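Chains as they are written, first to last, in my numbering: chain H, 3 to 257; chain W, 3 to 257. Note that CB positions come from ideal geometry on N, CA and C, so glycine has one too. Computed from a predicted model, the values in this text were never measured in an experiment. Only one structure is covered here, and it is reproduced in the block below.
Protein chains: 2
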Amino acid sequence: MPASPLFRRIDVAPAYQKVADAIEREIVSGRIKPGDPIGTELELVRQFGVNRSTVREGIRVLEEGGLLRRDSSRRLQACLPRYNKLATRLSRALVLHEVTFRELFEVSLTLEIASTECAVERATEEDIAELADNLARSEQVIADPAALAECDADFHVLLAKASHNRVLQLAREPAAQLFFPTTEMIVSHVAQGASRLVEAHRHLLEAIRRRDKAAGVQWTRRHLQDWRRGFERIASLDRSVEHMYMEHAQAVRRK
Amino acid sequence: MPASPLFRRIDVAPAYQKVADAIEREIVSGRIKPGDPIGTELELVRQFGVNRSTVREGIRVLEEGGLLRRDSSRRLQACLPRYNKLATRLSRALVLHEVTFRELFEVSLTLEIASTECAVERATEEDIAELADNLARSEQVIADPAALAECDADFHVLLAKASHNRVLQLAREPAAQLFFPTTEMIVSHVAQGASRLVEAHRHLLEAIRRRDKAAGVQWTRRHLQDWRRGFERIASLDRSVEHMYMEHAQAVRRK
DNA sequence: TTTATCAGTTTGTCGGACAAAGTAGATTTG
DNA sequence: CAAATCTACTTTGTCCGACAAACTGATAAA
C-alpha cells in the first residue's frame with residue numbers, strides 16, 4: 003500500500019501529444035465541427051509555439067485516429083471518424099490476437115439476429131428497396147462465387163442499416179469483415195451453397211416486408227448455420243482467422 | 003463506363019505512409035512478432051533511406067494504430083493492439099456520431115445476454131472466483147455510488163472474460179464504455195438502485211455457478227432493465243451520449 | 001557493495017531549407 | 001466582356017543538421 007502521495011503526478015507528455023490532445027479536445031467537445039478547417043501547419047506552429055515537425059507528428063496521430071483529414075487541396079479539416087476505417091483496425095486486432103472462427107461465428111450469429119429483429123421492426127420502404135435490389139443482383143450473379151460473396155456481405159450491411167441502430171452497425175462490422183470473406187470459399191466448394199444463400203436472403207427480405215420477426219430470426223439463423231456447416235466441411239471452426247484475412251484486407255484497402 | 007485502363011494506378015503515397023505500411027506489413031504478416039524490437043529511429047532511417055522526420059511521422063501513425071509502442075526506455079517494439087485503446091476510439095466515434103442511449107441500450111442488452119450465455123457454459127473456477135471477489139467488493143462499497151459504478155463496470159468486463167470469446171469481449175467494449183458511466187448517476191439518484199444492482203449481480207453469479215442459463219439470462223435482462231428504468235427517470239433514452247462521455251474518457255486516459 | 005562519474009546512444013525538439021503542387025490575382029487573347 | 005494563360009505566393013512533403021534531456025553501460029570511488 004503506497005503512502006498517500008504528496009505531489010500530484012506531473013504531466014510530462016511530449017509536445018506532439020499535447021498538440022494532438024489540444025486539437026482533439028476542440029473537436030470532441032464540439033467547438034470545432036466536422037468539416038471545419040483547422041488551419042495551415044504554419045498557423046498551428048504559431049498558435050502552439052512549437053516547431054512544424056512537432057505539429058506534423060501531432061497531426062499524424064489525429065489523422066490516423068480519424069479526427070482529422072486533408073481535403074482535396076490537402077488542407078486540414080476536422081471530420082467524423084468513419085466506421086469503416088475503425089472497423090478495419092479492429093479486424094486487424096482480431097487477426098493478431100488469433101481469434102478463431104468459432105468465436106467469430108458466435109458473435110456474428112448474435113449480432114445478425116439482433117440486426118434482423120430491429121430491421122423487421124424499423125425497415126423503411128427505402129431500406130426494403132435496397133435489399134430487394136441487392137437480392138436481384140445476387141440472383142444474377144448466382145454462378146459467380148466472388149460476386150455473390152460480395153453481394154452477401156452487402157446484404158448484411160444493408161440489413162444492419164435497416165436496423166437504424168448505428169451502434170449495432172458499428173459493433174457487427176469488425177466481425178463481419180472477417181466472417182464474410184469466407185463466403186466465397188464456401189459458395190464455391192459446397193454444392194447448392196449459392197442457391198441456399200440466395201433463398202435465405204429471399205425469405206429474410208420477405209419476413210421483413212411482412213414484419214414477421216419470428217420468420218426473420220429463423221431464416222437468419224438458418225442462413226448462418228448454413229455458413230457454419232459449409233465452413234466445417236472445409237476447415238475447423240477452431241482455426242484462427244489469420245489466413246483468410248490478409249488478401250481481403252489488401253483488397254479492401256485498395257478501393 | 004470507363005474504357006479499360008491502359009496503365010495501373012500509380013502509387014503516390016507519401017513517404018511516411020509507405021514507411022508505416024512497410025512496418026505494418028511485417029507485423030501483421032507475423033514476420034515481426036509482438037514484443038520484438040523494431041530498431042532505433044536511426045536504423046529505420048538507414049533501412050528506408052528517408053529522413054528521420056519522415057520515419058517519425060510513420061512511427062506516430064503506427065503508434066496510434068496500436069501496432070507499435072515504446073518500451074520502458076522508449077525503444078520501439080511491435081505489440082498487439084490493445085482492445086481497450088481501440089474501444090476508446092470507437093467510443094469517441096459513437097459520441098461524435100451522436101448516437102442515443104436507446105441505440106446503446108439495445109446493443110448492450112444483446113451483447114450482455116450473449117456474454118452471460120457463454121459465461122454460464124464456460125466460466126472456469128477462476129472466472130467465478132474473480133466474479134465472487136468483485137461481488138464482495140460491491141457489497142462493501144454499496145453506499146458509494148462512484149465505487150459501486152466502477153465495480154459494476156468491472157463485473158461486466160469479467161463476465162465477458164468468462165465467456166472466453168475474445169470477439170465478444172471486444173464487441174461489447176465500445177458500447178459498455180459509454181453505457182456504464184451512467185451507472186453512477188443512476189445509483190445515486192434512484193432509491194434502492196444500489197441494492198438492486200448488487201442483488202442482480204449476486205443472482206447472476208449464482209446462475210453461472212449452477213450453470214443455469216435461463217436464470218442467468220433472466221437476471222441479466224432484469225439488471226439492464228433496471229438500468230433503463232433508472233435512466234429514464236433522469237433523462238430521455240433518445241438523448242445523445244455526448245455529455246456523459248467527456249469526463250469519463252478523461253478519467254480512463256489518465257490511468 | 002553501493003554510489004558517483006562519465007562517455008556514448010537515442011529520443012524529442014528545433015531552425016532552416018527546397019521542390020512540387022495548389023491558389024489566386026494579374027495579364028493576355030479571342 | 002469572357003476565357004485562357006501566366007506569374008507570384010502559399011502550403012505541403014521531405015530533407016539536413018543541430019542540441020538538450022534521458023537512458024545505457026561501464027568504470028571509478030567510497
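Within 10 angstroms of its Cβ, does arginine 77 of chain W collect 16 or more other Cβ (buried), or is it exposed? exposed
Under 7 Å by beta carbon: chain H residues contacting glycine 67 of chain W: Glu66, Arg91
Pull out every residue of the stretch 43-67 of chain W whose Cβ sits closer than 7 Å to any Cβ of chain H, in chain order. Ser55, Arg58, Glu59, Arg62, Val63, Glu66, Gly67
Cβ closer than 9 Å: which chain H residues qualify as neighbours of arginine 212 of chain W? What arginine 212 of chain W touches in chain H: nothing, since even the nearest Cβ is about 22 Å away.
Valine 14 of chain H versus proline 183 of chain H: straight-line alpha-carbon distance, rounded: 44 Å
Within its chain, find whatever has a CB closer than 7 Å to the CB of alanine 209 of chain W; leave out the 5 residues flanking it on each side and keep chain order. Val122, Ala217, Gly218, Trp221
Between arginine 204 of chain W and the ligand SAM, is the CB less than 7 Å from at least one heavy atom? As presented, the structure is devoid of all ligands, the ligand SAM included, so that no description of it is given.
Do arginine 27 of chain W and glutamate 43 of chain W have their C-beta atoms within less than 8 Å of each other? no
Please state the DSSP three-state secondary structure of alanine 177 of chain H. helix
Under 8 Å Cβ-Cβ, which residues of chain W neighbour glutamate 105 of chain H? Asn167, Arg168, Val169, Leu170
For the beta strand (DSSP E) holding glutamine 19 of chain H, just list the boundary residues, first then last. No beta strand (DSSP E) holds glutamine 19 of chain H; the alpha helix (DSSP H) holding it covers 17-30.
Where does leucine 172 of chain H sit, in a helix, a strand or coil, going by DSSP? helix
Identified DSSP bridge partners for arginine 71 of chain W: W:Gln79
Give me the DSSP bridge partner(s) of proline 39 of chain W. W:Gln79
To the nearest angstrom, how far is the alpha carbon of alanine 177 of chain W from that of glycine 51 of chain W? 43 Å
Tell me whether lysine 163 of chain H is buried or exposed, calling it buried when 16 or more other Cβ atoms sit within 10 Å of its Cβ. buried
Mapping the DSSP letters down to three states, classify serine 238 of chain W as helix, strand or coil. coil
Assess, as a yes-or-no matter, whether the stretch 163-174 of chain W is touched by the stretch 110-130 of chain W under the definition of 3 or more beta carbon pairs within less than 8 Å. yes
Taking the straight line between their C-alpha atoms, what separation do you get for alanine 253 of chain H and leucine 199 of chain W? Caution applies to alanine 253 of chain H, whose pLDDT of 48 falls short of 50 and renders its modelled position unreliable; the value that the coordinates give is listed next. C-alpha separation (whole angstroms): 47 Å.
Residue range of the unbroken alpha helix (DSSP H) whose run includes histidine 158 of chain W: 147-164
Give a yes or no on whether the minimum CB-CB distance between arginine 235 of chain H and chain W is below 8 Å. no
Please confirm whether glutamine 186 of chain H and alanine 148 of chain H have their CB atoms less than 8 Å apart. Checking the displayed sequence, the identity of residue 186 of chain H turns out to be glutamate instead of glutamine. Yes, the pair counts as a contact, with Cβ atoms nearer than the cut-off.
Pull up the DSSP beta-bridge partners for threonine 102 of chain H, would you. H:Ser242
Measuring alpha carbon to alpha carbon, tell me which residue in H:Gln227, H:Asp240, H:Arg231, H:Glu244 is nearest leucine 111 of chain H. H:Gln227
Where the alpha helix (DSSP H) containing glycine 195 of chain W begins and where it ends: 195-211
Residue-chain proximity (leucine 82 of chain H, chain W), Cβ-Cβ < 8 Å: yes
First and last residue of the uninterrupted alpha helix (DSSP H) at threonine 185 of chain W: 183-191
My guess is that histidine 203 of chain H and serine 140 of chain H are in contact by the Cβ rule of under 8 Å, so how many angstroms apart are they, rounded? 6 Å
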